[in-house]
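Data block below; observations after.
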Amino acid sequence: MISSSEYGSHSWELLVTVDHQHEEVQKEFLLRVTGDLHIGGVMLKLVEQIKIPQDWSDYALWWEQKKCWLLKTHWTLDKCGVQADAKLFFTTQHKMLRLRLPNMKTVRLKVSFSSMVFKAVSDICKILNIRRSEELSLLKQSEDVLKKKKKKDKNSKEPLTEDIINLCNSPVTSGLSGSPGLYSKTMTPIYDPINGTLASSTITWFSDSPLTEQNCSILAFSHPNSSPETLAEMYQPRTLADKAKLSAGWLDSSRSLMEQGILEDDQLLLRFKYYTFFDLNPKYDAVRINQIYEQARWAILLEEIDCTEEEMLIFAALQAYHVSKLSLSSEAQDFTCESEVDEVEAALSNLEVTLEGGNASNILEDITDIPKLADNLRLVRPRKLSLKTIKPYWFVFKDTSVSYFKNKECAQGEPIEKLNLKGCEVVPDVNVAAKKFGIKLLIPVADGMNEVYLRCEDENQYARWMAACVLASKGKTMADSSYHPEVHKILSFLKMKNWTMSPQVVSDTESIDMKPECFVSLRYTKKYKSKQLAARILEAHQNVSQMSLVEAKLRFIQAWQSLPEFGLSYYIVRFKGSKKDDVLGVSYNRLIRIDIATGDPITTWRFSNMKQWNVNWEIRQVAIEFDQNVSIAFTCLSADCKIIHEYIGGYIFLSTRSKDQNETLDEDLFHKLTGGQE
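In full-length UniProt numbering, the protein residues as written are 1 to 678.
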């Protein structure tokens with residue numbers, strides 16, 4: 001027997017590699033440690049042995065094999081499970097990262113690689129002056145996008161030098177609020193609500209901020225569009241499977257960048273992940289509004305979201321002659337008249353109603369008086385083996401149901417059929433030029449979706465019935481305070497679509513220097529000649545020419561929200577008991593099962609009917625229970641199931657926000673709802 005004193009202590013050697021810039025000093029150090037030494041003690045021993053006088057406060061230990069940070073400095077090596085075979089790196093927690101913003105500009109800044117991504121994004125948004133950071137996250141580009149980029153770089157004769165906004169003098173320190181940028185918790189107006197320019201009182205702040213006046217302008221204003229050639233070289237999804245690739249790369253909000261394999265100076269995308277834009281205000285949100293607008297614009301140009309030709313021309317008109325021209329002209333500085341402030345406020349209140357489902361005013365009226373609609377409409381039912389039938393009926397809309405009768409006189413009796421619209425999909429089927437005002441209803445039934453079309457006579461009738469259908473699908477009646485704003489929103493969007501060719505337009509196309517191909521997707525540049533496109537965009541522009549810059553962006557966002565596919569993120573899944581793959585669409589208020597071959601919705605499940613959800617981490621299966629004993633389970637094939645789990649929890653978390661929270665977030669609640677128990 002050898003006594004412990006003869007053998008020595010129970011100590012062992014631990015190899016630590018130090019990440020420092022001093023070439024003359026060694027990088028690897030052997031420390032003699034014991035299992036009861038705490039992490040802080042290891043770092044102290046290490047710094048004493050390195051003998052380089054510098055600030056080591058941002059350094060921490062990274063355990064390479066386990067891919068984790070040892071941040072709990074009071075924990076012992078035994079408690080952490082560190083033994084002699086461990087490879088530890090002593091490295092900085094804050095490192096440089098390149099971020100591609102929604103407006104396709106790249107910023108380079110210092111980010112915490114040891115904080116959870118949720119916290120890192122919050123710090124990034126403070127530097128960029130974007131409120132409501134919980135709506136954004138970081139996305140890794142899909143392999144297909146990167147392959148297309150490499151191919152483009154190979155084919156280009158000149159090396160591409162990307163214009164990068166360098167914000168590297170803006171360290172965001174863990175535990176501190178970091179450099180505040182222009183982020184204002186006191187809510188002092190920062191921007192002019194008409195044109196989005198900086199308020200004069202704000203410019204003095206720039207001396208302490210990494211976000212200089214010039215950089216702020218780059219983030220808050222739109223800049224000349226990319227050429228059709230550049231557009232052609234960018235990745236454009238053709239199928240639902242392609243769209244699923246776009247949303248497969250979201251980083252895990254509950255883990256750090258380093259834990260997810262992100263290295264210093266890597267490039268990630270900063271994007272709005274959750275499509276619930278809360279409390280948008282032009283006085284404080286010029287950067288945020290512009291970045292939402294840019295994300296919407298690129299989604300439309302690259303056909304990540306489908307829209308009709310009429311809608312594409314409206315989007316082109318808002319971009320081409322308005323946002324682009326006003327952003328570039330000095331006239332943008334002069335829009336300060338009261339009427340325009342009122343227009344912006346009106347557009348904003350409409351937008352807030354859209355996003356929040358209206359305010360809680362007129363509660364007494366809502367309870368006591370539930371209105372109904374009654375009108376002659378035409379019913380269209382598609383037939384599988386014959387032509388579709390179109391018949392006029394007397395329709396009555398009450399609560400969340402639509403009943404139809406042979407005629408008005410029969411309305412006192414039993415209806416031919418009663419359609420319950422709660423949980424249905426409502427899709428506009430409109431062509432204003434052709435005077436076609438249709439509403440496509442996909443109503444859930446036992447074996448899938450029952451497809452019904454309602455045809456209205458005119459815009460006003462369509463707006464009333466469409467608004468009622470949209471609310472009913474969410475389980476709300478026309479007594480809800482958001483009904484009338486919804487009608488107004490639909491009418492204003494139809495008004496934008498309703499234009500006629502004037503003789504002035506033809507002459508204008510000759511005089512205006514414009515490349516219409518920059519404002520529409522490639523499909524339309526192939527379909528029309530340049531002059532035809534310019535003429536059609538100018539026609540559409542007549543209805544939006546009186547708007548101010550910020551209002552034009554808000555209208556663009558509003559029009560984007562009106563598209564049937566707005567806010568859907570797609571994933572390829574295999575449902576339990578199914579032999580084929582399906583696509584799952586995740587939205588802010590529902591999940592949709594979609595046929596991968598046809599793109600048709602099969603079933604819709606609303607979050608409001610959800611009782612609970614959980615994940616079996618061993619087999620990577622998501623299981624969800626809804627009201628009325630409905631339960632589903634699926635495995636995700638195109639991404640990690642954690643991404644879908646986080647989406648569901650994230651949307652539920654965002655639905656708990658209120659304006660009286662003073663912008664403080666319950667971060668623990670977010671991680672409880674999204675973190676999982678892996």
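Ideal Cβ positions, reconstructed from N, Cα and C, are used throughout, including at glycine. Quantities reported herein were computed from a predicted structural model and do not represent experimental measurements.
On a Cα-Cα basis, can you pick out the residue from R657, I652 and Q49 that is closest to K672? Checked all of R657, I652 and Q49; the closest Cα to K672 is I652.
Taking the C-alpha atoms as reference points, what is the distance between I594 and K580? Taking the CA atoms as reference points, I594 sits about 12 Å from K580.
Could you check if E134 is buried or exposed, using at least 16 other CB atoms within 10 Å of its CB as the buried criterion? E134 should be labelled buried.
Within 8 Å, do at least three Cβ pairs link the stretch 529 to 543 to the stretch 242 to 262? Judged by Cβ distances under 8 Å, the stretch 242 to 262 makes no contact with the stretch 529 to 543, as fewer than three pairs qualify.
What is the residue span of the alpha helix (DSSP H) that V520 lies within? Looking at the DSSP string, V520 is not in any alpha helix (DSSP H), and its letter there is neither H nor E.
Rounded separation between P485 and M478 - CA only: Between P485 and M478, the C-alpha separation is close to 11 Å.
Roughly how many angstroms lie between the CA atoms of E311 and Y647, to the nearest whole one? Distance between E311 and Y647, taken at the CA atoms: about 28 Å.
Within this structure, are the beta carbons of T400 and K422 separated by less than 8 Å? K422 is positioned such that its CB atom lies closer than 8 Å to that of T400.
Whose CA, out of P237, F272 and G249, lies closest to the CA of L301? Shortest Cα-Cα distance from L301 to any of P237, F272 and G249 involves P237.
CA-to-CA distance, D163 to L109, given in whole angstroms: Taking the straight line joining both Cα atoms gives about 14 Å.
Give the DSSP-derived three-state secondary structure of V25 in the structure shown. V25: coil per DSSP, three-state reduction.
Tell me the rounded alpha-carbon separation between V487 and M466. Cα to Cα, the separation comes out at about 8 Å.
Within 8 Å, strictly: CB atoms of N589 and K474: Cβ atoms of N589 and K474: closer than 8 Å.
Alpha-carbon to alpha-carbon, M234 and E23: Those two C-alpha atoms are separated by around 42 Å.
List the residues that DSSP assigns as beta-bridge partners of W394. According to DSSP, which records beta bridges pairwise, W394 is partnered with N376 and F405.
Contact between the stretch 91 to 100 and the stretch 110 to 120 (3+ Cβ pairs under 8 Å): The stretch 91 to 100 is in contact with the stretch 110 to 120.
Counting Cβ pairs, one atom from each stretch, are 3 or more of them under 8 Å apart for the stretch 275 to 283 and the stretch 453 to 462? No, the stretch 275 to 283 does not touch the stretch 453 to 462.
Opening and closing residue of the alpha helix (DSSP H) in which T664 lies: No alpha helix (DSSP H) contains T664, which DSSP labels as neither H nor E.
Given this structure, state the Cα-to-Cα distance separating E451 from P564, to the nearest angstrom. Cα to Cα, the separation comes out at about 15 Å.
Verify whether the separation of the beta carbon atoms of Q295 and F272 is less than 8 Å. It is a contact, given that the beta carbons lie within the stated cut-off.
Would you tell me roughly how many angstroms separate the C-alpha atoms of I314 and F556, rounded to the nearest one? The alpha-carbon of I314 is positioned some 8 Å away from that of F556.
Between C641 and Q546, what straight-line distance do the alpha-carbon atoms span, to the nearest angstrom? The alpha-carbon atoms of C641 and Q546 are separated by roughly 47 Å.
Within the stretch 529 to 587, note down every full beta strand (DSSP E) run reaching 3 residues or more, in order along the chain. Segments of the beta strand (DSSP E) lying fully in the stretch 529 to 587: 569 to 575 and 582 to 586.
Does the distance from the C-beta atom of F89 to that of E64 stay below 8 Å? Taking 8 Å as the Cβ cut-off, F89 and E64 qualify as a contacting pair.
Segments assigned beta strand (DSSP E), at least 3 residues, entirely inside the stretch 433 to 467: Within the stretch 433 to 467, the complete beta strand (DSSP E) runs of at least 3 residues are 436 to 445 and 448 to 456.
According to DSSP, simplified to helix, strand and coil, what is T276? Reduced to three states, the DSSP call for T276 is coil.
Taking the DSSP output, what are the residues bridged to V18? DSSP lists F90 as partners of V18.
At a cut of 8 Å, does the stretch 75 to 85 reach the stretch 612 to 632 through at least three beta carbon pairs? No: fewer than three Cβ pairs fall under 8 Å.
If we ignore side chains and look at the alpha-carbon of each, how far apart do K51 and I127 end up? When rounded, the distance between both Cα atoms is 34 Å.
What is the DSSP secondary structure of T308, reduced to helix, strand or coil? Shown here, T308 sits in coil according to DSSP, grouped into three states, outside any helix or strand.
Could you tell me the distance, in whole angstroms, from the CA atom of C410 to the CA atom of A317? Rounded to whole angstroms, C410 to A317 spans 47 Å at the Cα level.
Cβ-heavy atom distance, M104 to the ligand SAH, below 7 Å: The model on display carries no ligand, and the ligand SAH is accordingly not part of it.
State the Cα-Cα distance for the pair I367 and D480, rounded to the nearest angstrom. Because I367 sits at a pLDDT of 43, beneath the cut-off of 50, its placement in the model cannot be relied upon, and the point is left open.
Output the distance between the C-alpha atoms of D123 and H223, rounded to the nearest integer angstrom. Separation of D123 and H223 (C-alpha to C-alpha, rounded to the nearest whole angstrom) is 26 Å.
Cβ neighbour criterion (16 or more within 10 Å) applied to W394: In summary, W394 is buried, with 16 or more beta-carbon neighbours lying within 10 Å of its beta-carbon over all protein chains present.
For K45, the residue or residues it bridges with in DSSP: Beta-bridge pairing links K45 to no other residue.
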